[in-house]
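Student: Can you keep this structure in mind? I'll have questions shortly.
Written out as structure tokens, the structure reads:
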């Protein structure tokens with residue numbers, strides 16, 4: 001009792017400090033807060049048709065019994081004609097979207113490249129976990145991709161982990177708080193890419209300039225066909241070899257999604273400069289680094305292609321806030 | 001001396017924890033995590049060892065409470081900020097650690113200085129009184 005009375009201040013303050021730390025931990029990592037619901041995307045040709053003809057039922061795709069994969073059809077208004085699609089384990093082509101997957105082995109690392117050619121910039125999209133914008137609103141990449149009816153998807157910038165940095169998705173501005181020293185990838189409505197600094201460009205102005213997506217992670221890997229990161233420039237955290245996710249544009253409506261495995265004996269992982277060198281080798285004009293580590297996931301036609309891992313011991317997808325995807 | 005030793009142990013614990021955390025963070029590091037041991041070392045072990053070696057009096061109870069609480073808050077805040085940086089996230093509430101921590105440290109230091117001045121003033125008064133009585137005795 002005497003001891004307790006003597007150390008009353010220390011005991012009470014320790015309890016207070018511990019309680020605050022628990023609260024702030026829950027606030028950062030656990031407590032889910034939805035700030036806005038994303039507008040529902042019209043993902044299927046059938047939906048529009050069904051609505052027009054008064055049918056109540058609508059699905060995002062029909063099942064192909066021979067391959068067990070979903071069939072994706074063109075959005076109404078883009079093309080009235082339904083094209084025959086060719087689907088294989090590593091490729092997809094329906095006339096509007098062409099995807100070819102290739103696996104590379106460089107820098108002691110497994111690197112997966114999805115080469116994408118689109119007939120319209122509208123097919124390059126993003127989607128939120130649970131179709132909602134918020135903090136700690138997460139789901140695994142494959143689940144978000146399935147909900148969005150995506151053919152191909154990679155993890156996005158995990159905007160929910162930060163409280164600053166622009167968030168513009170599918171033409172809607174969700175967050176306009178600029179972060180210092182933050183360079184973003186802007187995807188415009190014509191499908192072109194741009195790299196901007198948040199300190200120099202306002203989110204609203206970007207939207208007015210035709211920005212459809214703004215991804216706030218970085219850094220930019222390749223700008224105007226030249227590598228924009230070097231080993232000397234890299235901060236300590238970027239030197240480490242890790243799983244990585246990157247997006248790049250080669251030509252008009254010709255893109256690449258790149259995901260590398262890492263943190264395992266089979267695949268070491270890439271540093272930022274190695275990733276930039278690899279992207280430059282793919283002849284990209286602009287390339288941008290997205291959230292990596294345990295988040296790095298490549299999804300294609302109902303399957304996860306790479307080996308996502310957080311600690312190298314267990315292979316499994318990490319829940320993320322958002323994805324970048326290809327779909328109707 | 002005892003307080004200085006406790007702070008030294010806490011510093012070593014923080015350094016060990018930071019090193020272990022960095023070991024498992026896949027090359028991602030944070031200065032807040034690496035140098036979290038600096039708060040109990042520079043803010044705790046060093047000043048209390050100095051006070052002990054110079055034979056100075058330790059501050060009164062209330063300034064001590066404030067000072068210890070401040071150093072503890074800054075140390076926990078530094079570790080927590082390190083965890084967030086390594087994970088790649090932020091939380092504006094982490095500011096509370098720095099504001100409260102530095103305020104308490106400042107209160108502790110100010111309380112210590114005021115306490116010392118008061119004691120100094122009291123002892124001066126006593127000395128003067130003693131001198132005066134000695135003078136009176138000599139005159140008698």
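Chains as they are written, first to last, in my numbering: chain A, 1 to 328; chain B, 1 to 140. Glycine residues also receive a C-beta, built at the ideal position from the N, C-alpha and C atoms.
Let me know the secondary structure DSSP gives residue 131(A) once reduced to three states.
Tutor: Of the three classes helix, strand and coil, the one that applies to residue 131(A) here is helix, per DSSP.
Student: Suppose contacts are defined by Cβ-Cβ distances below 7 Å. Is residue 287(A) in contact with residue 262(A) by that definition?
Tutor: For residue 287(A) and residue 262(A), no; Cβs fall outside 7 Å.
Student: Measure from the C-beta of residue 129(A) to each C-beta in chain B and report whether the shortest distance is under 7 Å.
Tutor: For residue 129(A), the answer is no, since every Cβ of chain B falls outside 7 Å of its Cβ.
Student: Hey, is residue 235(A)'s beta-carbon within less than 7 Å of any beta-carbon in chain B?
Tutor: For residue 235(A), the predicted structure reports a pLDDT of 48, less than 50, and the residue's modelled location is therefore unreliable. A value from the coordinates is still provided. Cβ-Cβ to chain B under 7 Å: no for residue 235(A).
Student: Residue 293(A) touches chain B at which residues, Cβ-Cβ below 9 Å?
Tutor: By Cβ distance, chain B contributes 26, 28, 88.
Student: Determine the chain A residues that contact residue 76(B) at a beta-carbon separation under 8 Å, and present them in chain order.
Tutor: The contacting residues are 17, 21.
Student: Compare the C-beta of residue 163(A) with all C-beta atoms of chain B and state if any pair is closer than 7 Å.
Tutor: With 7 Å as the cut-off, residue 163(A) counts as an interface residue toward chain B.
Student: Whose CA, out of 204(A), 225(A), 251(A), 309(A), lies closest to the CA of residue 276(A)?
Tutor: Residue 276(A) has its Cα closest to that of 225(A), out of 204(A), 225(A), 251(A), 309(A).
Student: So, with DSSP's three-state summary, where would you put residue 75(B)?
Tutor: Three-state result, residue 75(B): helix.
Student: Can you tell me whether residue 14(B) is buried or exposed, with buried defined as 16 or more other CB within 10 angstroms of its CB?
Tutor: Label assigned to residue 14(B): buried.
Student: In this structure, does DSSP put residue 65(B) in helix, strand or coil?
Tutor: Helix.
Student: Hey, how far is the Cα of residue 18(A) from the Cα of residue 279(A)?
Tutor: So the alpha carbons of these two residues sit roughly 46 Å apart.
Student: Between the beta-carbon of residue 160(A) and the beta-carbon of residue 295(A), is there less than 7 Å?
Tutor: No, the pair does not count as a contact, with Cβ atoms beyond the cut-off.
Student: If we require 3 or more residues per run, which beta strand (DSSP E) segments fall completely within the stretch 181-254 of chain A?
Tutor: For the stretch 181-254 of chain A, whole beta strand (DSSP E) runs of length 3 or above, ordered along the chain, are 183-188, 193-197, 211-215, 220-223, 244-251.
Student: Could you tell me the alpha carbon to alpha carbon distance between residue 19(B) and residue 29(B), rounded to whole angstroms?
Tutor: For residue 19(B) and residue 29(B), the distance between alpha carbons rounds to 10 Å.
Student: Along chain A, in chain order, which residues have C-beta atoms closer than 8 Å to that of residue 3(B)?
Tutor: Residues of chain A passing the Cβ test: none, with the nearest at roughly 12 Å.
Student: Answer with yes or no whether the minimum CB distance from residue 135(B) to chain A is below 7 Å.
Tutor: Output row for residue 135(B): interface = no.
Student: Within the 7 Å Cβ cut-off, does residue 264(A) reach chain B?
Tutor: For residue 264(A), the answer is no, since every Cβ of chain B falls outside 7 Å of its Cβ.
Student: When the Cα atoms are used, what is the spatial distance from residue 97(B) to residue 76(B)?
Tutor: The alpha-carbon atoms of residue 97(B) and residue 76(B) are separated by roughly 8 Å.
Student: Can you give the Cα-Cα distance for residue 302(A) and residue 123(A), rounded to whole angstroms?
Tutor: One C-alpha to the other measures close to 17 Å.
Student: Tell me where the alpha helix (DSSP H) around residue 370(A) begins and ends.
Tutor: Residue numbering for chain A in the displayed model covers 1 to 328; residue 370(A) lies beyond these limits and cannot be assessed.
Student: Quick one: does residue 51(B) have its CB under 7 Å from some CB of chain A?
Tutor: No, its Cβ sits nowhere closer than 7 Å to a Cβ of chain A.
Student: Go ahead and pull the three-state DSSP assignment for residue 81(A).
Tutor: Model confidence at residue 81(A) stands at a pLDDT of 45, short of 50, so the residue's coordinates are unreliable; what they give is reported in the following sentence. If DSSP states are grouped into helix, strand and coil, residue 81(A) belongs with coil.
Student: Quick one: which chain B residues come within Cβ less than 7 Å of residue 13(A)?
Tutor: By Cβ distance, chain B contributes 69.
Student: Using the three-state DSSP reduction, which class does residue 121(B) fall into: helix, strand or coil?
Tutor: Residue 121(B) falls in the helix class under three-state DSSP.
Student: Do residue 240(A) and residue 82(B) count as a contact pair if the criterion is CB distance below 7 Å?
Tutor: Cβ distance not < 7 Å, so residue 82(B) and residue 240(A) don't count as in contact.
Student: Kindly indicate if chain A contains any beta-carbon less than 7 Å away from that of residue 93(B).
Tutor: For residue 93(B), the answer is yes, since a Cβ of chain A falls inside 7 Å of its Cβ.
Student: Taking the alpha-carbon of residue 180(A) as reference, which of 147(A), 126(A), 162(A), 37(A) has the nearest alpha-carbon?
Tutor: Cα-wise, what sits closest to residue 180(A) is 162(A).
Student: Does any CB atom of chain B fall closer than 7 Å to the CB of residue 250(A)?
Tutor: Output row for residue 250(A): interface = no.
Student: Could one say the Cβ of residue 24(A) lies closer than 7 Å to chain B's Cβ atoms, at least one of them?
Tutor: Judged by the 7 Å Cβ criterion, residue 24(A) is in contact with chain B.
Student: Once DSSP output is grouped into helix, strand and coil, what is the label at residue 172(A)?
Tutor: Here residue 172(A) sits in strand by DSSP.
Student: Can you give the Cα-Cα distance for residue 4(A) and residue 68(B), rounded to whole angstroms?
Tutor: Distance between the alpha carbons of residue 4(A) and residue 68(B): 17 Å.
Student: Could you work out which residues of chain A lie near residue 72(B), taking near to mean beta carbons separated by less than 8 Å?
Tutor: Within chain A, the residues near residue 72(B) are 13, 14, 17.
Student: If you follow the alpha helix (DSSP H) that residue 138(A) is in, where does it begin and where does it stop?
Tutor: No alpha helix (DSSP H) holds residue 138(A); DSSP gives it neither H nor E.
Student: Closer than 8 Å is the cut-off here; do at least three beta carbon pairs connect the stretch 168-182 of chain A with the stretch 106-125 of chain B?
Tutor: Verdict: no, contact absent.
Student: Skipping 5 residues on each side, what residues in its chain have a beta carbon closer than 6 Å to that of residue 32(A)?
Tutor: Contacts found: 136, 137.
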